[in-house]
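Taken in order, the sequence shown gives residues 918 to 1179; the numbers are from this note's numbering. Written below as structure tokens is the structure these notes are about.
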Amino acid sequence: MLKQKILEALKYKREPMEKRISASQLGSSVYEILMRIKYGAIESKEINNATIGSILHKGLECIFKNEPMIDVELDLSYKYKEWNITGTADLYDKETKTIYDYKFIKKTKVNGSKTITGLIDKLKNNDDDEYFWQLCLLRYLANKNGLEVKRLVLFTVSPDAGWDYEKKRYIKFDDEVEIPLNYISDEKIEKRIDSLIKELNLYVDFENNKITLPDNCEAKTKYGFLVDNNGKKIPRKCELYCSYKDVCKLYRNKNLNLEWRF
Ligand code: SF4
């Protein structure tokens, strides 16, 4: 009952066959984006990593609801070559013109997961990361809607922080990583969207409501693997983060030994 209420409160609508690309999909494989176009938003049947993140966002709405200078969950969109490019800024501070994006992120690297130090190293080396793309796309969308943005901040919350017994030191639960405003330029963003649209158009026939899927989903191997207690490798992204795993033909784990889910 309690769980159903939580899941109900976190439901959101995305119809199938929508010409939409969202900020959170910039790091997704074409296959994943096509799954969203084919099925729309699929309801979560269980509380998982994605729902935990959504609960944090719901909390933000409660905390800042009476703050007139803070917009929470600010929906942004822009029509680009017939596609709706969308994104939601977790917080927009109208006074400092700052977009904050909240992320749950590990302090310690597990199976290829992101870490804060990893993100900072990427920034130093001028490397790419989907989080940087997401924030820069939000800045792009805000600007297209006439909103000024002066800062982009990744606000990270780490559930595995606290006392580190091995290193005998305390690790903070929260952190902030500032992303330079034009870390990814408008030109680069439009180039990426152009190439995504070009690729998606190969698979979707909107006029006839038809969609074909490629043979491969890059996300299946890109984010590492979990191993069950029979030694079977489980694609981490599929198992922990993808809401399409129940309908995805590439992910068939019917014989998975799930005792590790204690
Ligand atoms: S379940 Fe895995 S293979 Fe299928 S769309 Fe999701 S990430 Fe890709």
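The C-beta atom is built at its ideal place from N, Cα and C for all residues, glycine as well. These numbers come from a predicted model, not from an experiment.
Should Lys1098 be listed as close to ligand 1, given that the test is whether its C-beta is under 8 Å from any heavy atom? What you label residue 1098 is simply residue 181 of the sequence shown in a count that begins at 1. The sequence as given places Leu at residue 1098; Lys does not occur at that position. No, ligand 1 has no heavy atom inside 8 Å of this Cβ.
Own chain partners of Tyr1009 with C-beta closer than 6 Å, once the 5 adjacent residues on each side are dropped: Locating residue 1009 in the sequence shown gives position 92, counting from the first residue. Beyond the five residues adjoining it in sequence on each side, Tyr1009 comes within less than 6 Å, by CB distance, of Asp988, Leu991 and Ile1016 in the same chain, given in chain order.
Using CA coordinates, which residue listed in Cys1155, Lys1154, Tyr948 and Gly1141 is at the minimum distance from Glu1116? The sequence position of residue 1116 within the sequence shown is 199, counting from 1. When each option's Cα is compared against that of Glu1116, the closest is Tyr948.
Between the Cα of Leu1036 and those of Gly1063, Leu1064 and Glu1095, spot the shortest distance and give me the residue it belongs to. In the sequence shown, the residue the question calls residue 1036 occupies position 119. Minimum Cα-Cα distance from Leu1036 among the listed residues Gly1063, Leu1064 and Glu1095 corresponds to Glu1095.
Within 8 Å: the Cβ of Pro1152 and any heavy atom of ligand 1? By 1-based counting over the sequence shown, the position of residue 1152 is 235. Pro1152: yes, Cβ under 8 Å from ligand 1.
Contact test: Lys1084 Cβ vs ligand 1 heavy atom, cutoff 8 Å: Mapped onto the sequence shown, residue 1084 falls at position 167. Every heavy atom of ligand 1 is 8 Å or more from the Cβ of Lys1084, so no.
With a threshold of 8 Å, establish whether the CB of Ser941 neighbours any heavy atom of ligand 1. Locating residue 941 in the sequence shown gives position 24, counting from the first residue. False, no ligand heavy atom lies under 8 Å from that Cβ.
Ile1110 - DSSP class collapsed to helix/strand/coil: Start at 1 with the first residue of the sequence shown, and residue 1110 comes out as number 193. The answer is helix: DSSP assigns Ile1110 an H, G or I state.
Opening and closing residue of the alpha helix (DSSP H) in which Glu1135 lies: By 1-based counting over the sequence shown, the position of residue 1135 is 218. Glu1135 -> no alpha helix (DSSP H), and no H or E assigned at all.
Taking three-plus beta-carbon pairs below 8 Å as touching, is the region 1048-1062 in contact with the region 1099-1119? yes
Across which residues does DSSP place Leu993 in a beta bridge pair? Looking up residue 993 in the sequence shown gives position 76. Leu993 is bridged to Gly1004.
Helix, strand or coil: how does DSSP classify Tyr1168 here? As a first step, residue 1168 must be located in the sequence shown, where it is residue number 251. Coil.
What is the rounded straight-line gap between the Cα of Asn966 and the Cα of Tyr995? Within the sequence shown, residue 966 is the residue found at index 49, counting from 1. Within the sequence shown, residue 995 is the residue found at index 78, counting from 1. Approximately 29 Å, taken between the alpha carbons.
Backbone secondary structure at Arg953 - three-state DSSP: As a working note, residue 953 is residue 36 in the sequence shown. Helix, per DSSP.
Please classify Ser939: does DSSP put it in a helix, a strand, or coil? For the purposes of this step, residue 939 is taken as the residue at position 22 of the sequence shown. Strand.
Per the DSSP calculation, Gly1079 is bridged to which residue(s)? Start at 1 with the first residue of the sequence shown, and residue 1079 comes out as number 162. The partner list for Gly1079 (beta bridge, DSSP) reads Ile1088.
Given 8 Å, three or more beta-carbon pairs between the region 1056-1068 and the region 1080-1090: no
Could you check if Lys1162 belongs to the surroundings of ligand 1, using beta carbon to heavy atom distance under 8 Å? Along the sequence shown, read from residue 1 onward, the residue named residue 1162 stands at position 245. Look at Lys1162: its beta carbon is less than 8 Å from one of the heavy atoms in ligand 1.
Residue closest to Leu1157, alpha-carbon to alpha-carbon, out of Lys1149, Thr1013, Lys1137 and Arg953: By one-based count along the sequence shown, residue 1157 stands at place 240. When only C-alpha atoms are compared, the closest one is Lys1137.
According to DSSP, is Ile1033 part of a helix, a strand, or is it coil? By one-based count along the sequence shown, residue 1033 stands at place 116. In the structure shown, Ile1033 sits in a helix (DSSP, three-state: H, G or I).
Under a CB-based cut-off of 9 Å, is Leu1167 close to chain D? The structure shown has no chain D; it contains just one protein chain.
Beta-carbon proximity list for Pro985, same chain, < 6 Å, skipping 5 on both sides: Taking the first residue of the sequence shown as position 1, residue 985 is located at position 68. Excluding residues within five positions, none has a Cβ falling inside 6 Å.
My understanding is that Ile1022 touches Thr1073, with C-beta atoms under 8 Å, so please give their C-beta distance in whole angstroms. Counted from its first residue, the sequence shown places residue 1022 at position 105. Counted from its first residue, the sequence shown places residue 1073 at position 156. Contact between Ile1022 and Thr1073 holds: their C-beta atoms lie close to 5 Å from each other, under 8 Å.
For ligand 1, is there any heavy atom lying closer than 8 Å to the beta carbon of Ser946? For this step, residue 946 is matched to residue 29 along the sequence shown. Yes, Cβ of Ser946 sits closer than 8 Å to a heavy atom of ligand 1.
May I ask you to list the residues that DSSP assigns as paired with Ile987? For the purposes of this step, residue 987 is taken as the residue at position 70 of the sequence shown. Ile987 is bridged to Asp1010.
Which whole-angstrom value describes the C-beta separation of Ile1128 and Tyr1120, a residue pair presumed to lie in contact below a C-beta threshold of 8 Å? Translated into positions along the sequence shown, residue 1128 becomes position 211. Translated into positions along the sequence shown, residue 1120 becomes position 203. Confirmed, about 6 Å.
First and last residue of the uninterrupted beta strand (DSSP E) at Tyr1048: Stepping through the sequence shown from its first residue, residue 1048 is reached at position 131. For Tyr1048, no beta strand (DSSP E) encloses it; the enclosing alpha helix (DSSP H) starts and ends at Glu1047 to Lys1061.
Reference Asp1007, options Phe1049, Glu932, Lys975 and Asp1044, closest by Cα: Residue 1007 sits at position 90 when you count from the first residue of the sequence shown. Cα-wise, what sits closest to Asp1007 is Lys975.
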